[in-house]
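Here's the structure we're looking at; comments come further down.
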Amino acid sequence: MFLDLPTDLLEEIGKELAPTDQACLRAACRILEGVTQRLFFSRLVLRTGPHLSARRNLDFELLRALTSGMTGWNAHARRIEFVPGPYVRLEPKTKLSFLRLGKEKKRQSREKEAETLFKSALTKMMNVQAILWRPSSRDVPSQRVAIADFVCRLPVLDEFGLDIRCIDLESDAFTLPSVREVRRLELTTFPWGEDTSSRRGHLMANLIRVQNQLTCLHLNSPAKWTEVWVALREARIQLTDITATAVTADLFKYLLSYTGLEKLNFTFQDAGSQEENNRLADGFHESVLLHHADTLVELSCATGYEGRFSFGEHNAHVVAQLHHLNFLAMRVSSTATPRDWGLGMCVDEDSIDVESADIDLPVNLLLDTVAALPRLRHLTIAAADTEDNRYICSHCAENRIRHFRVVQNKAIARVVKDFRRRVASPFEVQVGEEIYGLRPVEGVEEREISQYYLKGRVLLDS
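See the structure below:
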């Protein structure tokens, strides 16, 4: 509201304050400015590529400002993201005329200036503690060298993320920087298809072997990463936070080699086939989860295909023993929704009367099971994807069976609403984009109940 008022009006309002109140207001504004400065300038995005020297632009001017060392980013930046800049069509090299010779010299001069500014700007950012790098096939070699050198020379680097979706490691001469003592490591590749790149696995394995402070590893990739899990086990690195996609025996073997895992997140829990999923599922529940039951606080297995990785009577006793969980995401399987709608049919979920005989059982069992977990504050329930969608490209939406969305929004939500009217428990339940709040529980403060807010929150009356 105050931002909409003219300056002279704000000044008149200030005159009505006593001198002591004016001093307090001035001190509060200075403190607020310092806080917002640190928040706003804590993250810096630098765009890389040949566009820096193609013409004077905002990215070029940003480098010049950073070189001065007087910007807010120089003082407060704790995270830098290197992302590819816009595509620039470079002029082809042809036989130089007298006029073109002058243009070529100017272009070389701009390239040299951009290279110097890029290196100089990074030397002014030595307080950075987190790096996200998205290399591209259009990168300027000198910029890659400067970034790698900058990453290695940082006195404190807690987080290092590498997004290699814009680069081909098999044909591009790209090498990972020799970073050490990283606490959090993240790698992102294409989200579809199985990555069979052996070079990618060896690069990550070699990077992991030299770490002695690593506690968090996020692999946003469908690859199996056999080399990575073997390297972690051989180096005796004990991770407390893991994000993965592919479910493999090597991953489970690593998880059984130590204790102390706190967070385990599967972005899409899958072993490649229904048979392999079911073969590994029992070992995951009976061995891996129980092995870390005393320390596990977050478990996410909400996405994946139908099978024994889904929640049911076969693994309810395992979930019941995870007494330290405060966040749980699980999926349930169901054949309640007919499969004969055909591929590509767009179903109106409000017009479908979903038979809930077999969806009620696992959802109610899950709710009853987690109601006894003393520290749980958030539960996500999702419908498992049908196996019929396994070999259909995720981009071919018209060819996918969409029954699981109907099951989720109709059957699961109905069971959750009925459960909430009967039982008071200190956790909230998310179904799709809806979060169902709780009835008050004696001895549990309201601020402890809700830690995860998404749009569409629904509060049920008691």
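Quick note, the sequence shown lines up with residues 20 to 481 if you use this note's numbering.
Glycine is no exception: its CB is placed at the ideal position from the N, C-alpha and C atoms.
Distance between residue j and residue i (C-alpha atoms, nearest Å)
i: F446; j: G279; result: 24 Å
i: G220; j: Q293; result: 25 Å
i: R203; j: T234; result: 6 Å
i: R66; j: D78; result: 7 Å
i: P25; j: K34; result: 15 Å
i: H333; j: H397; result: 22 Å
i: F193; j: R252; result: 26 Å
i: T405; j: G323; result: 9 Å
i: H414; j: P241; result: Model confidence at H414 stands at a pLDDT of 49, short of 50, so the residue's coordinates are unreliable; what they give is reported in the following sentence. Their Cα atoms are separated by approximately 16 Å.
i: H343; j: A42; result: 49 Å
i: K282; j: L236; result: 10 Å
i: M144; j: A94; result: 8 Å
i: T289; j: G456; result: The residue asked about is misnamed: residue 289 is Asp in this sequence, not Thr. One C-alpha to the other measures close to 31 Å.
i: Y277; j: R218; result: 27 Å
i: D177; j: P105; result: 29 Å
i: H70; j: T90; result: 23 Å
i: V493; j: I261; result: Outside the modelled stretch of the chain, which goes from 20 to 481, sits residue 493, for which no answer is possible.
i: E565; j: V147; result: As displayed, the chain neither begins before 20 nor continues past 481, which places residue 565 out of reach and without an answer.
i: N231; j: E453; result: 41 Å
i: A402; j: Y273; result: 29 Å
i: A432; j: R440; result: 13 Å
i: A47; j: E80; result: 33 Å
i: L258; j: G451; result: 30 Å
i: A254; j: R327; result: 32 Å
In DSSP terms, what residue i is bridged to
i: M349; result: C320 and I400
i: A149; result: R98 and E178
i: T207; result: D182 and N239
i: K282; result: D260 and E317
i: R62; result: R98
i: A265; result: D289
i: P103; result: T67
i: F330; result: V351
Burial state of residue i (16 or more Cβ within 10 Å)
i: K131; result: exposed
i: I32; result: exposed
i: E30; result: exposed
i: E52; result: exposed
i: T388; result: buried
i: L36; result: exposed
i: K243; result: buried
i: F209; result: exposed
i: D313; result: exposed
i: D367; result: Confidence at D367 is low in this model, with a pLDDT of 49, below 50, so the placement of that residue should be treated as unreliable; the coordinate-derived value is given next. Answer is exposed; the Cβ neighbour count stays below 16.
i: L44; result: exposed
i: K125; result: exposed
i: I50; result: exposed
i: Q56; result: exposed
i: D10; result: Any question about residue 10 goes unanswered here, given that the chain covers just 20 to 481.
i: N296; result: buried
i: R163; result: buried
Presumed contact (8 Å Cβ cut-off) between residue i and residue j, rounded CB distance
i: I400; j: V351; result: 7 Å
i: E317; j: N345; result: 7 Å
i: A140; j: L82; result: 5 Å
i: P196; j: A149; result: The Cβ separation is near 14 Å, so there is no contact.
i: C185; j: S155; result: 4 Å
i: R153; j: P103; result: 6 Å
Distance CB(residue i)-CB(residue j) smaller than 7 Å
i: L299; j: V266; result: yes
i: V14; j: R199; result: Absent from the model: residue 14. The displayed extent of the chain is 20 to 481, so no value can be given.
i: F179; j: V201; result: yes
i: T245; j: T264; result: no
i: F137; j: W92; result: no
i: L63; j: A84; result: no
i: L206; j: L181; result: yes
i: P381; j: F330; result: yes
i: A133; j: S72; result: yes
i: A321; j: A348; result: yes
i: L384; j: A335; result: yes
i: F438; j: L395; result: no
i: L270; j: W248; result: yes
i: D379; j: V434; result: yes
Cβ-heavy atom distance, residue i to the ligand SAM, below 6 Å
i: E253; result: Ligands are entirely absent from the displayed structure, and the ligand SAM is therefore not among its contents.
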